[in-house]
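Peer 1:
Protein chains: 2
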Amino acid sequence: MTPGPVTIADVARHAGVSASTVSYVLSGKRAISAVTREKVLASVRALGFHPHAGARALAGNRSNIIALALPLRAGINVPVVMQFAAAVVDAARAGGYDVLLVTADEGAAGLRRVAGSALVDGLILMDVETDDERVPALRELSRPSVLIGLPADPTGLVCVDLDFARAGELCVEHLAALGHRRVALLGAPQAVYDRGTGFARRTRDGVRAAALRCGVHADAVPLEPVFPAALEALSRLGDTTALIVHNEGAVDHVLTALRTLGRRVPDDVSVLAICPDDVALAATPNVSNVQIPAAQLGRLAVDRLLERDDDTGVPAATLLPPMLTTRLSSLPPPIRSVR
Amino acid sequence: MTPGPVTIADVARHAGVSASTVSYVLSGKRAISAVTREKVLASVRALGFHPHAGARALAGNRSNIIALALPLRAGINVPVVMQFAAAVVDAARAGGYDVLLVTADEGAAGLRRVAGSALVDGLILMDVETDDERVPALRELSRPSVLIGLPADPTGLVCVDLDFARAGELCVEHLAALGHRRVALLGAPQAVYDRGTGFARRTRDGVRAAALRCGVHADAVPLEPVFPAALEALSRLGDTTALIVHNEGAVDHVLTALRTLGRRVPDDVSVLAICPDDVALAATPNVSNVQIPAAQLGRLAVDRLLERDDDTGVPAATLLPPMLTTRLSSLPPPIRSVR
DNA sequence: GGTAGCTGTTGAAGCGCTTCGACGACCGCC
DNA sequence: GGCGGTCGTCGAAGCGCTTCAACAGCTACC
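Right, dumping it as structure tokens:
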């Protein structure tokens, strides 16, 4: 039944043409008459031919694989990462590429390994730190790469991300417009700020800048995504009337803690989140949020990576504009707070 | 600086030996004198040589890549899946293998594609359904594979998993021993049962069997991992004095719902969970749990896959025995319930 | 009627590596 | 001192594919 793997020569023989013709039919790189093409395709189907990936990579000088460097470390929110990953895989597959998983543990050496051995044609990095050891390595790689995130110095690199600074501003502006005068950012765990992860800091900076501009007082506190931490953070926040939660795993805990403290949402406290829509919709009550467009960013990253073949200049950093969706958790502050 | 990629011939020339000698040094498949070996290794380092993955796969008939088929669908708990994935990647890397990500979307066709094109040397599948279309495909693949999970008919396949039936029994036995007479299993979302995912059903069967044996009444209800669902499920459970939560994402919600209903844990209600330790420890109070040894299972799967080279018989299914860790959430039932 | 220009197909030359068989050098043994 | 046996190294073959240069057969045009 299975007399060893089928090669292109088998297909050529079966179809009564040469191996190169089969190759051209499959790649479409040369005109082939309709008759021949059909004959060849029929043989391909009949024999169940799958071109040998290694041979193809060797001869064609491209593996049709891209590397996805995923963070699997402290403080990151796993479901969000997986949304990115799923989008990247989908987009890559749609473009005829497979995805090789590289963990952040391997660091720059891992990237050099997979790129150096021609295992992958390009790389996508997530969870980029402000001063990431992998960033300089990337520049020397001779393979294209795209970062999801924004390092301190993006020169010569292609980056895509949500404009988190603007997202922070947007939240403050929204709350300020509602009349809030005292807001707080409940952010990522401390470890994420310490590590210099870009998105966390950029949001914080955006919140602070907008607060200054809008004449609003803004606190910013890191937060572990566990219930006691949420409770404790809230009890220390005093007469804050609005919260901005930039921590997917903590949204639920914050709402629960508010309930525990007897503070109603949105009547006593308004809550905004920067999180994917599904997290916002799973919360009770549904939380007004700036969406994290994971699927869109993942797809964009792949597109940027693959369009590099066409060498359309250097697109540099693309920061998607944030979008705030108003749901049930934000209202003007209670009367007693508006002097 | 970079005059194109370094080939084995460059290394051979630099070291003053033949290409085959370099190959043998690198693979260790033939005795090489210490002097020559050092010379070659020095040249490898000096030139920054990385063997071309495609060429290696072509000549050596192995790609040093394994496929990991990940579920990215409704009802699965993403962080747990990622724990498995991380363990698989780690173990694979330790064995000199890279990991290619294949999503469940691609189904059997995806497996045939990556195996048929010799892209991967072996496959690991997660989230196997009772009657999974991929399982028969696997048998025809001519590449080894390991399932994390247990299909209806595991004949001829290598499977590893936690013994969920035994886990369910263990929970009931523990609660029965404490004196509980009425327990409830809060399980996976309905969609997971409908799909026929093995672990959910096996746990339920284990719970029922042990309940019968121990003379305990056991309800089993599916549960979405959102707060309102937890609240609703609990309010309908009547005078149940103990809960078994087999749903990582719902553990927190169940505890919060109990708090909301004014039922204290463990004084009024005992709670057991089947979940990874970190979920149990992040809960308030810490929940007694049967651990899901994701890291161990991931590593085991890779080991099983790679030891196939040695062809040590057919190890068949390996079900790890469950371990119950008693923490703060389980006590004998309140007096009023013990007639 | 000759030539220029297409179109469709082919053979052959690699891509960079592994591995097989061969062989020279050197060991110890009778 | 000659012979079998290791040990260490090498040349060459080939893995299955892509792609280049070449060419046969046409059409079209002057």
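Protein chains in written order, with the numbering used here: chain A, 162 to 500; chain B, 162 to 500. Just so it is clear, CB atoms sit at the ideal spot from N, CA and C, and this is done for glycine as well.
What number of angstroms, rounded off, separates the C-alpha of A216(B) from the C-alpha of E393(B)?
Peer 2: Roughly 60 Å separates the two Cα atoms.
Peer 1: Sorted by chain position, which residues of the same chain lie with C-beta nearer than 8 Å to V178(A)'s C-beta, five sequence neighbours on each side aside?
Peer 2: T197, K200, V201
Peer 1: Please report how far the alpha carbon of S498(B) lies from the alpha carbon of V430(B), in whole angstroms.
Peer 2: Confidence is the limiting factor: at S498(B) the pLDDT is only 45, short of 50, which leaves the residue's position unreliable and the question unanswerable from this model.
Peer 1: Which runs of the beta strand (DSSP E) fall wholly inside the stretch 212 to 251 of chain B and span at least 3 residues, in chain order?
Peer 2: 226 to 231
Peer 1: How close, in whole Å, do the beta carbons of G359(B) and G310(B) come, if the pair is a contact with beta carbons under 8 Å?
Peer 2: 5 Å between Cβ atoms; contact.
Peer 1: Whole angstroms is fine: what's the gap from M162(A)'s alpha carbon to A276(A)'s?
Peer 2: Unreliable positioning characterises M162(A) in this predicted model, as indicated by a pLDDT of 45, which lies under 50. A coordinate reading is not provided.
Peer 1: Along the stretch 207 to 219 of chain A, where does the CB come closer than 8 Å to a CB of chain B? Name the residues.
Peer 2: G209, H211, P212, H213, A214, G215, A216, R217, A218, L219
Peer 1: Buried or exposed: T264(A), going by 16 or more other Cβ atoms within 10 Å of its Cβ?
Peer 2: buried
Peer 1: Anything in chain A within Cβ reach of T417(B), meaning under 8 Å, just list it in chain order.
Peer 2: F388, T417
Peer 1: With a cut-off of 8 Å, does the C-beta of L284(B) fall near any C-beta of chain A?
Peer 2: no
Peer 1: Checking contacts by CB at 8 Å: is T168(A) closer than that to chain B?
Peer 2: No, no contact with chain B.
Peer 1: Return the Cβ separation of C320(B) and A478(B) in integer angstroms, given the expectation that the two are a contact with Cβ distance under 8 Å.
Peer 2: About 4 Å; that satisfies the 8 Å criterion.
Peer 1: If you measure between the beta carbons of A228(A) and V289(A), is that distance less than 8 Å?
Peer 2: no
Peer 1: Taking the alpha-carbon of R234(A) as reference, which of V387(A), E267(A), R223(A) has the nearest alpha-carbon?
Peer 2: E267(A)
Peer 1: Of the residues I226(A), V242(A), L346(A), which one's Cα is nearest the Cα of V260(B)?
Peer 2: I226(A)
Peer 1: Would you kindly report the start and end of the unbroken beta strand (DSSP E) that includes A403(A)?
Peer 2: 403 to 406
Peer 1: For R500(B) and N238(B), I'd like the C-alpha separation in whole angstroms.
Peer 2: Caution applies to R500(B), whose pLDDT of 41 falls short of 50 and renders its modelled position unreliable; the value that the coordinates give is listed next. When rounded, the distance between both Cα atoms is 39 Å.
Peer 1: Can you list, in chain order, the residues of the stretch 235 to 246 of chain A whose Cβ is nearer than 7 Å to any Cβ on chain B?
Peer 2: V239, P240, M243
Peer 1: With DSSP collapsed to three states, give me the class of E294(B).
Peer 2: In the three-state DSSP reduction, E294(B) falls in the coil class, being neither helix nor strand.
Peer 1: Can you pull out the residues from the stretch 435 to 451 of chain A whose beta carbon lies closer than 7 Å to at least one beta carbon of chain B?
Peer 2: A443, T445
Peer 1: Quick one: list the residues of chain A neighbouring V250(B), beta-carbon separation under 7 Å, in chain order.
Peer 2: The contacting residues are L262, T264.
Peer 1: Excluding the five sequence neighbours on either side, which residues of its own chain have a C-beta within less than 8 Å of the C-beta of C375(A), listed in chain order?
Peer 2: V333, E334, A337
Peer 1: Return no unless some Cβ of chain A is closer than 8 Å to the Cβ of S204(B).
Peer 2: no
Peer 1: Should M287(B) and M243(A) be called a contact, given that it needs their Cβ atoms to be closer than 8 Å?
Peer 2: Contact: no.
Peer 1: Of all the residues that make up the stretch 223 to 234 of chain A, which are near chain B by a beta-carbon distance shorter than 8 Å?
Peer 2: The stretch 223 to 234 of chain A vs chain B, Cβ under 8 Å: S224, I226, L229, L233.
Peer 1: So if DSSP puts R343(B) in a beta bridge, which residue, or which two residues, is it bridged to?
Peer 2: H378(B)
Peer 1: DSSP has S431(B) in a bridge; who is on the other side?
Peer 2: A403(B)
Peer 1: Since T445(B) and L416(B) are thought to touch, with beta carbons under 8 Å apart, how far apart are those beta carbons, to the nearest angstrom?
Peer 2: Rounded to the nearest angstrom, the Cβ distance from T445(B) to L416(B) is 7 Å, consistent with a contact under 8 Å.
Peer 1: Using the beta-carbon count (16 or more within 10 Å), is T182(A) buried or exposed?
Peer 2: Counting the other Cβ atoms within 10 Å of the Cβ of T182(A) gives 16 or more, which makes it buried.
Peer 1: Since S179(A) is in the beta strand (DSSP E), which residue starts that stretch and which ends it?
Peer 2: That residue, S179(A), is in no beta strand (DSSP E); it is neither H nor E in DSSP.
Peer 1: Roughly how many whole angstroms lie between the Cα atoms of L419(B) and A391(B)?
Peer 2: 9 Å
Peer 1: When the Cα of G256(B) is compared with those of A230(B), D314(B), N450(B), S224(B), which residue comes out closest?
Peer 2: Closest by C-alpha distance to G256(B), out of A230(B), D314(B), N450(B), S224(B), is S224(B).
Peer 1: What's the call for G221(B), buried or exposed, on a 16-neighbour Cβ count within 10 Å?
Peer 2: The residue in question, G221(B), is exposed, as its Cβ has fewer than 16 Cβ neighbours within 10 Å.
Peer 1: For A349(B) and A173(A), I'd like the C-alpha separation in whole angstroms.
Peer 2: 52 Å
Peer 1: Mapping DSSP to helix, strand and coil, what is L461(A)?
Peer 2: helix
Peer 1: Tell me the DSSP bridge mates of N507(A)?
Peer 2: There is simply no residue 507(A) to check, as chain A begins at 162 and stops at 500 in what is shown.
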